[in-house]
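Take a look at the structure set out below.
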Amino acid sequence: MRDETEFRSWTSTAIRIIEADFNRSSDTHLLRVPLPAAPGIALYLKDESTHPTGSLKHRLARSLFLYGLCNGWIGPDTTIVEASSGSTAVSEAYFARMLGLRFIAVMPRSTSAEKIAQIAFYGGESHFVDSPAEMYHESARLAAELGGHYMDQFTYAERATDWRGNNNIAESIFSQMAHEEHPIPRWIVVGAGTGGTSATLGRYIRYRRLPTRLCLADPEASVFHRHVADRQVCTSSEPPSMIEGIGRPRCEPSFIPELIDRAYAVPDAASLAAARVLSRRIGRSCGGSTGTNMWVVARIVSEMVARKEEGSVTTLLCDSGERYRSTHLDDDWLKQRGVDIRPQEDVMERFFETGRFEGAPTDSTLRRR
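Each number in the numbering used here comes from the position in the sequence shown (counting from 1) with 35 added on.
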């Protein structure tokens with residue numbers, strides 16, 4: 036039986052350590068992306084790759100640890116277990132090491148070598164499964180076997196974050212845009228892995244009574260865009276997407292479809308092409324999920340150009356392409372999988388040059404609620 040006085044004292048110290056780390060960190064940058072062919076439209080990237088652990092998931096990991104600590108689920112001897120495609124695991128390994136806790140990531144074997152190395156760098160362990168669908172059961176089983184705590188980002192992401200404010204990503208975006216020419220975005224484009232970020236953004240937009248619309252950029256194989264179109268569809272049997280971090284085979288508890296105003300399905304080749312073109316345009320390496328966002332941004336901006344509308348569009352730079360040197364950024368890796376991204380690269384280059392989104396594959400299906 037645990038000593039409650041000692042447990043509370045340890046919890047208090049753990050929370051202070053996490054809060055001190057947050058206090059040492061600056062906010063992530065909001066980058067303006069030049070669109071010379073669309074002079075009335077301002078495009079912004081919220082660069083989440085500048086977090087200490089290099090991705091948007093740093094926010095989630097911090098929130099999940101604080102949530103677990105304040106619920107009394109995490110103690111000084113707790114082994115932390117998480118199901119992840121890699122980025123959340125990297126960030127959770129960082130916080131686990133900070134608190135002196137053992138951390139085990141349950142991940143698909145297809146996870147990039149760079150992410151696996153980062154998890155190990157922070158002292159975490161990797162436990163592999165054959166497919167993303169196996170992660171949930173195996174994580175719960177492993178946590179029970181070890182007497183540990185399964186963080187379960189897919190369930191708790193939407194409730195661990197304070198969506199009303201407290202420096203969440205939504206409050207940060209709108210605060211940073213306050214002095215821009217078009218301070219209230221017409222659209223925010225976001226992907227979904229757990230659904231936590233889209234939930235935070237959608238709730239905050241409604242809470243602040245803002246006219247901004249939220250668009251989901253989703254891998255073609257994912258169930259989320261299907262669920263937005265038809266609430267009866269809760270799973271997808273498509274082969275797993277190559278885009279790590281977003282898109283799921285099942286509808287996760289943290290994904291709230293009612294908050295999505297529009298959803299697009301994006302082929303993997305389009306995501307990878309858009310990531311490469313954007314990287315060249317801004318001089319920063321972008322991961323595949325950022326490419327998914329950018330492909331949809333191009334569609335939305337081109338529609339605004341055609342209607343002669345002005346305004347701003349904001350999306351996320353989720354993580355750096357450096358995490359995918361051995362996969363997405365390796366031409367031989369793509370060839371081995373029969374993926375040719377050159378046609379989609381041409382589409383994106385023409386978009387930046389003309390403001391028009393022409394020649395895109397017809398299988399980028401629009402889904403509406």
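Yeah, the Cβ is synthetic: ideal placement off N, Cα and C, and Gly gets one too.
Only a predicted model underlies this, so the values are computations on that prediction, with no experimental measurement involved.
- Around the C-beta of PHE156, fewer than 16 other C-beta atoms lie within 10 Å, and the residue is accordingly described as exposed.
- The three-state reading of DSSP puts PRO288 in coil, since its state is none of H, G, I, E or B.
- The criterion of a C-beta distance shorter than 8 angstroms is not satisfied by LEU236 and ILE219.
- When the Cα atoms are used, SER272 and ARG43 turn out to be separated by approximately 45 angstroms.
- Rounded to the nearest angstrom, the Cβ distance from ALA178 to HIS184 is 6 angstroms, consistent with a contact under 8 angstroms.
- Distance from SER98 to PRO167 at the Cβ level is roughly 22 angstroms; contact not present, criterion being Cβ atoms closer than 8 angstroms.
- Nearest in C-alpha terms to LEU134, of all of ILE115, ALA72, ALA234, is ILE115.
- Only exposed fits TYR242, as fewer than 16 other CB atoms lie within 10 angstroms of its CB.
- Minimum Cα-Cα distance from TYR79 among the listed residues VAL332, THR362, ARG372, LEU364 corresponds to VAL332.
- Each of ILE50, ASP82, ILE208, ASP265 was checked against the Cα of ASN106, and the nearest Cα belongs to ILE50.
- One Cα belongs to ALA128, the other to ARG342, and the distance between them is close to 47 angstroms.
- When only Cα atoms are considered, ALA300 and SER61 end up about 34 angstroms apart.
- Here ASP354 is near SER90, since their CB atoms are less than 8 angstroms apart.
- Of all alpha-carbon atoms in ALA310, ILE291, CYS250, the one lying nearest the alpha-carbon of ILE278 is that of ALA310.
- Excluding five sequence positions before and after MET383, the CB atoms of its chain that fall closer than 7 angstroms to its own CB belong to ALA308, ALA309, VAL312, ALA333, given in chain order.
- Ranked by Cα distance from GLY323, the first of ALA252, ILE204, VAL258 is ALA252.
- Taking a 10 Å sphere around the C-beta of ASN58, we find fewer than 16 other C-beta atoms and assign the residue as exposed.
- Rounded to whole angstroms, PRO378 and ARG285 show a C-alpha spacing of 30 angstroms.
- Per DSSP, the unbroken beta strand (DSSP E) holding ALA77 starts and ends at 76-82.
- Here GLY326 carries a helix assignment [DSSP, helix/strand/coil].
- Judged by beta-carbon spacing, ALA72 lies within the 8 angstroms limit of GLU388, meaning their Cβ atoms are closer than that value.
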